[in-house]
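See structure below.
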Amino acid sequence: MSASATLIPAAGGKSFTGFTKLCKGLAVVLFLAHILVQLFPSAVGYLALIPGRTIPFAWNLVTAGYIEQTIPGVIVSIIGLLLFGKVLEPLWGAKELLKFIFIVNLSTSACVFVTAIVLYYITKEESYLYTPLSGFYGVLSGLLVGIKQILPDQELNLFVFKISAKWIPSIVAFVSVAVSLFLKESMAYLPIILFGIYVSWVYLRYFQRRLEVGLKGDPSDEFSFSSFFPGFLRSVLNPIGSIFHKLFCGRSARSEGTGQTLDGSQIPASGTIEANRRRERGQRALEQRLAEKLAAVRNVEGTAPPLPQQQQQLEDDASDKV
48 MSASATLIPA
58 AGGKSFTGFT
68 KLCKGLAVVL
78 FLAHILVQLF
88 PSAVGYLALI
98 PGRTIPFAWN
108 LVTAGYIEQT
118 IPGVIVSIIG
128 LLLFGKVLEP
138 LWGAKELLKF
148 IFIVNLSTSA
158 CVFVTAIVLY
168 YITKEESYLY
178 TPLSGFYGVL
188 SGLLVGIKQI
198 LPDQELNLFV
208 FKISAKWIPS
218 IVAFVSVAVS
228 LFLKESMAYL
238 PIILFGIYVS
248 WVYLRYFQRR
258 LEVGLKGDPS
268 DEFSFSSFFP
278 GFLRSVLNPI
288 GSIFHKLFCG
298 RSARSEGTGQ
308 TLDGSQIPAS
318 GTIEANRRRE
328 RGQRALEQRL
338 AEKLAAVRNV
348 EGTAPPLPQQ
358 QQQLEDDASD
368 KV
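Numbering (the numbering used here), first residue to last: 48 to 369.
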């Protein structure tokens with residue numbers, strides 16, 4: 048089965064199986080945190096991000112990401128964490144996934160804090176300082192960026208549309224901006240989502256260490272800043288992306304994250320090699336899951352091979368798990 052197989056929702060809720068222990072544990076944390084703030088509303092003042100009180104309550108930079116104040120919010124966060132984590136953890140490992148979640152959560156909260164302070168000094172609106180901000184949406188957006196990196200060619204069936212996974216973070220960002228223009232209450236979530244997408248890209252692009260390829264970050268063109276936007280905008284966005292590259296990453300990124308050796312010479316086709324290896328890892332993960340499905344059927348039904356209809360259903364189920 049190729050890594051570009053179409054994702055088709057499985058019948059009987061089979062998508063909701065095979066979750067990892069790490070993601071189950073974090074889901075429990077999200078659920079218990081939601082119950083806590085429902086039973087003790089005053090806890091929001093200590094656990095959510097309130098920029099005017101972050102000093103000295105600096106711990107809310109970490110805790111805010113795990114506090115969902117609404118029932119729909121905690122449902123979406125738990126489901127998204129379980130589904131996205133099921134794709135990423137087998138490829139990254141539990142330690143790297145946990146590290147990624149921590150870094151994205153903390154960095155997103157820090158960016159939201161700085162933005163709120165700047166907006167207060169510009170507008171003098173105290174609501175920017177004392178509105179409780181929280182939610183797991185920044186991490187969920189970051190996990191989508193991880194899926195874009197690992198399985199960019201996967202296709203998702205969204206109602207009547209087929210959309211490649213590489214466009215999902217961009218669509219989420221666009222929809223969030225559009226909704227915030229019409230629903231004022233959704234404005235509080237917009238910076239969390241946008242910063243979640245951006246800081247996760249910065250980490251994966253420049254800082255994530257991958258021992259299997261001997262590189263730091265992902266230098267491939269398919270994961271550049273402009274890859275989040277339609278092709279006709281990339282000629283305008285590439286210079287902006289180079290500014291961010293120099294601003295945030297400097298010499299270390301140029302030597303380790305863009306396929307250069309320490310003496311400054313360019314590694315030939317390093318971006319293309321890394322992109323191919325990433326696709327191969329995704330394809331191997333899909334094939335392994337399909338093989339596990341086939342083995343389970345043979346154990347139940349004896350040695351008789353599955354019928355063609357069963358074979359097709361198993362392929363669809365295996366694709367759906369990604």
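Even glycine gets a Cβ: it sits at the ideal position worked out from N, Cα and C.
> Can you tell me where the alpha helix (DSSP H) with Ser156 in it begins and where it stops?
Replying inline: 141-170
> Where does the unbroken alpha helix (DSSP H) through Phe208 begin, and where does it stop?
Replying inline: It is not in any alpha helix (DSSP H) - Phe208 instead sits in the beta strand (DSSP E) that spans 208-211.
>> In this structure, how does DSSP classify Glu269 when only helix, strand and coil are distinguished?
In response: helix
>> Within the continuous alpha helix (DSSP H) that includes Ile379, where are the two ends?
In response: In the structure displayed, the chain extends from 48 to 369; residue 379 sits before or after that span and is not available.
>> With a threshold of 6 Å on Cβ separation, who are the neighbours of Ser299 within its own chain once the five nearest residues in sequence on each side are excluded?
In response: In this prediction, Ser299 has a pLDDT of 46, which is less than 50 and means its spatial position is unreliable; what the coordinates show is noted afterwards. Answer for Ser299: no residue qualifies.
>> Could you compute how far the alpha carbon of Thr305 sits from the alpha carbon of Tyr250?
In response: With a pLDDT of only 44 at Thr305, under the threshold of 50, the placement of this residue in the model should not be trusted, and no figure is reported.
>> Here's the rule: buried if 16 or more other CB atoms are within 10 angstroms of the residue's CB, otherwise exposed. What is Asp265?
In response: buried
> In whole angstroms, what separates the C-alpha of Ser174 from that of Leu262?
Replying inline: 44 Å
> When burial is assigned at 16 or more other CB atoms within 10 Å of the CB, is Val75 buried or exposed?
Replying inline: exposed
>> Assuming contact is defined by CB atoms lying nearer than 8 Å, are Ser156 and Val192 in contact in what I supplied?
In response: no
> Mind pulling the alpha helix (DSSP H) runs of 4 or more residues that sit fully within the stretch 57-131?
Replying inline: 68-86, 91-94, 107-110
> Is DSSP giving Glu173 helix, strand or coil here?
Replying inline: coil
> Helix, strand or coil: which one does DSSP assign to Leu135?
Replying inline: helix
> Which same chain residues, not among the five before or five after Phe66, have their C-beta less than 6 Å away from its C-beta?
Replying inline: Leu129, Lys133
> Looking only at C-alpha atoms, which of Pro286, Ser223, Ile197 sits nearest to Arg252?
Replying inline: Ile197
> If you run the structure through DSSP and keep just helix, strand and coil, what is Leu262?
Replying inline: strand
>> On the DSSP letters alone, give me the boundaries of the alpha helix (DSSP H) that Ser233 sits inside.
In response: From DSSP, Ser233 is part of no alpha helix (DSSP H); its letter is neither H nor E.
> Is Glu115 buried or exposed, if buried means 16 or more other CB atoms sit within 10 Å of its CB?
Replying inline: buried
> Hey, out of Trp214, Ile126, Leu96, Leu190, whose CA is closest to Ala235's CA?
Replying inline: Leu96
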